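To keep things clear, I will list the structure first and then write my remarks on it.
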Amino acid sequence: MMGSMKSTCISLLLLMFLLFMADSYANTDFSSNGCEECSLKRHSFFRKDRPIFQCSGCCFSRAYPTPFASTMNMDTRKNITSEATCCVAKNFNDVQMVITGATLRNHTECHCSTCHYHKI
Numbered sequence: 254m255m256g257s258m259k260s261t262c263i264s265l266l267l268l269m270f271l272l273f274m275a276d277s278y279a280n281t282d283f284s285s286n287g288c289e290e291c292s293l294k295r296h297s298f299f300r301k302d303r304p305i306f307q308c309s310g311c312c313f314s315r316a317y318p319t320p321f322a323s324t325m326n327m328d329t330r331k332n333i334t335s336e337a338t339c340c341v342a343k344n345f346n347d348v349q350m351v352i353t354g355a356t357l358r359n360h361t362e363c364h365c366s367t368c369h370y371h372k373i
């Protein structure tokens with residue numbers, strides 16, 4: 254009798270712990286994944302007299318199964334479709350470097366928009 258009582262009590266405690274963990278996991282916001290919001294960040298490498306700012310941070314991205322009707326129209330079929338926006342400059346000013354003569358873009362405003370990948 255006493256053994257079944259201990260077993261029932263341990264089972265209830267384990268069930269309560271698992272329910273608590275499931276509830277905690279469901280209420281956690283995983284959207285940022287440790288990445289800061291899209292905003293201006295001071296670039297410490299360039300110019301000390303006139304600071305250079307660049308856009309940095311995270312925006313929206315998601316992946317989902319490709320609808321079957323869409324896969325039928327694809328040349329190369331893929332099972333996953335993804336969407337994303339990147340932190341990009343909305344406005345900027347060109348700044349001339351005195352020593353090198355190179356032109357830098359000093360970002361003045363950031364927003365989440367279409368991702369542009371540039372090759373160097």
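Position one of the sequence shown corresponds to residue 254 (this note's numbering), numbered consecutively onward. Here a beta-carbon is modelled for each residue, glycine too, at the ideal position from N, C-alpha and C. No experiment lies behind these values; they were computed from the predicted model shown.
Cutoff 7 Å; reference residue i; Cβ partners in own chain excluding five residues on either side
{"i": "L293", "result": "F306, C308, H360 and C363"}
{"i": "K343", "result": "E362, C363 and H364"}
Alpha carbon of residue i to alpha carbon of residue j, nearest angstrom
{"i": "M325", "j": "K331", "result": "10 Å"}
{"i": "L271", "j": "E336", "result": "34 Å"}
{"i": "P304", "j": "D328", "result": "48 Å"}
{"i": "N346", "j": "I333", "result": "39 Å"}
{"i": "T261", "j": "R295", "result": "59 Å"}
{"i": "R358", "j": "V351", "result": "14 Å"}
{"i": "G354", "j": "S297", "result": "19 Å"}
Beta bridge counterpart(s) of residue i as assigned by DSSP
{"i": "T356", "result": "Q349"}
{"i": "S264", "result": "According to DSSP, which records beta bridges pairwise, S264 is partnered with nothing at all."}
{"i": "K294", "result": "Q307"}
{"i": "S257", "result": "Answer is none; S257 lacks a bridge partner."}
{"i": "E362", "result": "N344"}
For residue i, the first and last residue of its enclosing alpha helix (DSSP H)
{"i": "F321", "result": "F321 to T324"}
First and last residue of the uninterrupted beta strand (DSSP E) at residue i
{"i": "T334", "result": "I333 to A337"}
{"i": "R315", "result": "S314 to P318"}
Cβ neighbours of residue i in the same chain (closer than 8 Å, five flanking residues each side left out)
{"i": "T338", "result": "C312, F313, S314, C365, S366, T367 and C368"}
{"i": "T356", "result": "D347, V348, Q349 and M350"}
Same chain only: Cβ atoms within 6 Å of residue i, ignoring 5 sequence neighbours per side
{"i": "A316", "result": "I333 and S335"}
{"i": "I263", "result": "none"}
*asked:* For the stretch 255-269 against the stretch 308-328, do three or more pairs of beta-carbon atoms, one drawn from each stretch, fall closer than 8 Å, so that the two count as touching?
replied: No, the stretch 255-269 does not touch the stretch 308-328.
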